[in-house]
Amino acid sequence: MLLFFKRYNFEKSKGELLRYYVVRIIAACAANELRIPIIVIQVGCREITGWKLGDGAIGILFEMGKGVLLTTTSMPEHKPHFFYRNGLSIVFLSFFIAAWVAQAFFGWKQHNDELMELGAGQIAFTQYLSSGHFFSSTFENFQSEFLQMAMYVILTISLRQIGSAESKDLVKPEEVDREPDPSKKDAPGPVRSGGWQLKLYQHSLSIAFVLLFLGSWIGHLYGSYTDHNEQRMLRGEAKQSLSLFLGEPDFWFETFQNWQSEFLSVASIVILSIFLRQKGSPESKPVDAGHMETGK
Numbered sequence: 001m002l003l004f005f006k007r008y009n010f011e012k013s014k015g016e017l018l019r020y021y022v023v024r025i026i027a028a029c030a031a032n033e034l035r036i037p038i039i040v041i042q043v044g045c046r047e048i049t050g051w052k053l054g055d056g057a058i059g060i061l062f063e064m065g066k067g068v069l070l071t072t073t074s075m076p077e078h079k080p081h082f083f084y085r086n087g088l089s090i091v092f093l094s095f096f097i098a099a100w101v102a103q104a105f106f107g108w109k110q111h112n113d114e115l116m117e118l119g120a121g122q123i124a125f126t127q128y129l130s131s132g133h134f135f136s137s138t139f140e141n142f143q144s145e146f147l148q149m150a151m152y153v154i155l156t157i158s159l160r161q162i163g164s165a166e167s168k169d170l171v172k173p174e175e176v177d178r179e180p181d182p183s184k185k186d187a188p189g190p191v192r193s194g195g196w197q198l199k200l201y202q203h204s205l206s207i208a209f210v211l212l213f214l215g216s217w218i219g220h221l222y223g224s225y226t227d228h229n230e231q232r233m234l235r236g237e238a239k240q241s242l243s244l245f246l247g248e249p250d251f252w253f254e255t256f257q258n259w260q261s262e263f264l265s266v267a268s269i270v271i272l273s274i275f276l277r278q279k280g281s282p283e284s285k286p287v288d289a290g291h292m293e294t295g296k
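When we follow full-length UniProt numbering, the leftmost residue of the sequence shown carries the number 1, and every step to the right adds one.
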């Protein structure tokens with residue numbers, strides 16, 4: 001029989017020190033118990049390592065030869081607020097909306113200037129939002145971003161870069177390469193279902209980015225082609241067919257000037273993360289990591 005009686009102090013964020021007394025009796029067979037390190041908890045200035053016990057217990061904490069059964073009731077539960085849990089997506093979506101609104105406003109102003117130069121009247125902001133000019137300027141950026149992410153997700157499966165925080169380890173197997181476990185309690189539905197659903201779900205991220213890229217590329221083509229013909233009509237010229245439009249440099253210039261910047265930005269973080277650090281960022285290696293240490 002293993003008997004553990006222990007008291008721990010957990011410091012709250014406000015600086016107030018509260019004591020939580022936990023008294024548990026653990027009955028276990030030490031010879032047959034498989035203890036696998038799963039957690040390290042910071043208590044004050046001390047780090048305490050935890051071992052998995054099995055059903056009915058989260059873990060057992062040891063410090064200086066003594067231990068305590070750690071259950072869901074032995075520690076205070078402080079559920080992070082909504083923004084803390086979703087801050088990254090909220091902030092970036094807010095930046096996106098603000099930038100998109102600014103793009104639409106200034107694009108409307110620029111387009112009206114172009115219309116006046118061609119001898120046409122100005123259009124309202126709501127009309128501009130359905131114009132080829134707005135579609136083209138919006139989706140030419142969207143498609144390059146989604147292409148960047150699709151290629152990044154796919155190429156990092158097999159390609160490596162020694163020393164980069166963005167690369168998988170050169171030798172050691174990675175957690176992302178292990179076979180999915182359908183018995184895992186919080187496993188997504190397709191993992192539990194198996195079969196074709198699992199096969200599709202295993203590649204769902206890259207599939208989503210590829211579809212977003214293709215949809216955005218079509219949106220860019222539609223907007224650029226529409227805007228091109230609108231300008232031709234204002235100059236008194238006939239509309240041009242799509243095949244002839246694709247043979248001209250305008251659309252491809254818009255496309256490749258965005259692609260090259262996306263490829264450069266990915267190459268930059270892959271290479272710069274070899275030698276440079278940012279403390280606290282998950283996109284950087286630890287500050288004291290060696291330059292040739294690969295992965296995060």
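Where a beta carbon is used, it is the ideal one built from N, C-alpha and C, also for glycine. As the structure is a computational prediction, the values presented were derived from the model and not from experiment.
Check                                                                                               : Outcome
Under 8 Å between C-beta atoms of Leu129 and Gln122                                                 : no
Cβ-based burial, Glu237 [other Cβ within 10 Å; buried from 16]                                      : exposed
Helix, strand or coil at Ala98 [DSSP, three-state]                                                  : helix
Sub-8 Å separation of Phe256 and Ser224 beta-carbons                                                : no
Assigned secondary structure, Glu262 (DSSP; H/G/I helix, E/B strand, else coil)                     : helix
Pick from Ile154, Leu244, Leu93, Phe213 that is closest to His228, judged by C-alpha positions      : Leu244
Ser281 versus Leu88 - alpha carbon distance                                                         : 12 Å
Phe83 versus Ile90: straight-line alpha-carbon distance, rounded                                    : 8 Å
Proximity to Leu234 [Cα-Cα], best of Ala208, Leu118, Phe253, Pro190                                 : Leu118
Element boundaries [alpha helix (DSSP H), containing Met151]                                        : 132 to 158
Rounded Cβ spacing between Phe135 and Thr226 (contact assumed at less than 8 Å)                     : 7 Å
Length of the line joining the Cα atoms of Ile207 and Gln197                                        : 13 Å
Of the listed residues Tyr222, Gln278, Thr138, nearest to Asn258 (C-alpha basis)                    : Thr138
Nearest residue (CA-CA) to Ala150, options Phe125, Tyr201, Leu205                                   : Leu205
Local conformation of Gln161 per DSSP, three classes                                                : coil
Cα-Cα separation, Leu242 to Ser158                                                                  : 38 Å
CB-CB length for Ile269 against Glu166, believed under 8 Å                                          : 6 Å
Beta-carbon spacing of residue 301, Thr156 below 8 Å                                                : The chain is shown from 1 up to 296; residue 301 falls before or after that span and cannot be answered.
C-beta contact flag for Ser183 and Glu262 at 8 Å                                                    : no
Close Cβ partners of Gly194 (< 8 Å) along its chain, the five nearest in sequence each way excluded : Pro182
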